[in-house]
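Our numbering puts the sequence shown at residues 5 to 252. Just so you know, even glycine gets a beta-carbon here, dropped at the ideal spot from N, CA and C. Here the structure is a predicted model, which means the values were calculated and not measured.
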Amino acid sequence: MKENISLVSYLNTLPFIYGLENSPLKDNINIIKNIPSQCAEVLKQGQANIGLVPVAELTTLSGFNIVTDYCIGSENTVKSVLLLSDVPLHEIESVELDYQSKTSNNLIKILAKELWNKNFTYINTSPDYTKVFKENTASLIIGDRALLMAKRYPYQYDLAEEWKKLTDLPFVFAVWVANKNISEPFLNDFTNALQFGIQNISKAVASCPFNNEFKKITESYLKNNISYPFNAQKKQALELFIGKLTAF
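And the structure:
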């Protein structure tokens, strides 16, 4: 029986997917791709025993533990979690949240309160949401869409960079979790596969059907903006974020 693996369908998981698809596990796994807000649901519903979960969802999962030495994080600028605006920060009155990410929605609320001293009006969105075109309304955009849309706006605020200003720590967007049904040998092979993908980012990008310009953009993004090791600083940052989230 194949093991289902849930992960985010964004460019930043490309090294993970490449590693898994080029590992001894490849014939024994099914990769389920979702937007971040749906990844935890797949695990809760028992459709997968291991998955890459947005950190804001950790408090809603029971029976799962953080596994592997890897995550989706950023040491400073991430470029794919942005507050995009036609006006500078001090003039923004309302923010359209991103329906794809509970983590980023909570992060911007923490930054608004603790760093920017702003009391925004927040607008929830959905896949069929029609953007409000008001000068003082900014948009929180995440994932590949943020990379593509950033140039359209004169003011861009990178949430990982802003978190760094607030805490002097990196930010962790998603971690790997597994339940007790995952064996130790599988986890070892799984971790090795992730490591292989991270060590071969150039090959992972080259394997994609992108044009040369977008390949260069993607490779730079994965190597310079996304930070994969789940190290001591990132664990400290995650603990701090969860604490702020719980107290919010």
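Beta-carbon proximity of S143 to T125, cut-off 8 Å: It is not a contact, given that the beta carbons lie outside the stated cut-off.
Coil, strand or helix - G147 by DSSP: Of the three classes helix, strand and coil, the one that applies to G147 here is coil, per DSSP.
Option in N215, N110 and I127 with minimal Cα separation from A251: It is N110.
Residue burial classification, Q203 (beta-carbon count within 10 angstroms, cutoff 16): With fewer than 16 Cβ atoms within 10 Å of its Cβ, Q203 is classed as exposed.
Continuous beta strand (DSSP E) stretch holding W180: start and end: Following the DSSP letters along the chain, one finds W180 inside the beta strand (DSSP E) bounded by residues F175 to N183.
Buried versus exposed, by CB contacts within 10 Å (16 or more), E61: E61 comes out buried.
Among I21, I205 and S224, the one whose alpha carbon lies nearest that of K83: If we check each option's Cα against that of K83, S224 comes out closest.
Of the listed residues C212, K227 and E118, nearest to Y22 (C-alpha basis): When only C-alpha atoms are compared, the closest one is C212.
Beta-carbon contacts of A208 that lie in its chain and below 7 Å, excluding the five residues immediately before and after: Result list for A208: L18, P19, Y22 and G201, in chain order.
Cβ contact (3+ pairs, closer than 8 Å) linking the segment 88 to 98 and the segment 227 to 244: Touching, no, given that fewer than three Cβ pairs across the two stretches are closer than 8 Å.
C-alpha distance - L56 paired with W180, whole-angstrom precision: Taking the straight line joining both Cα atoms gives about 4 Å.
N53 to L47 span [Cα, whole Å]: Cα to Cα, the separation comes out at about 6 Å.
Coarse secondary structure for Q51, derived from DSSP in three states: Looking at Q51 - three-state DSSP - the assignment turns out to be coil, as it is neither helix nor strand.
Close beta carbons around G147, own chain, < 7 Å, minus the five adjacent residues each side: Excluding positions up to five away in sequence, the list reads Y14, S84 and Q104.
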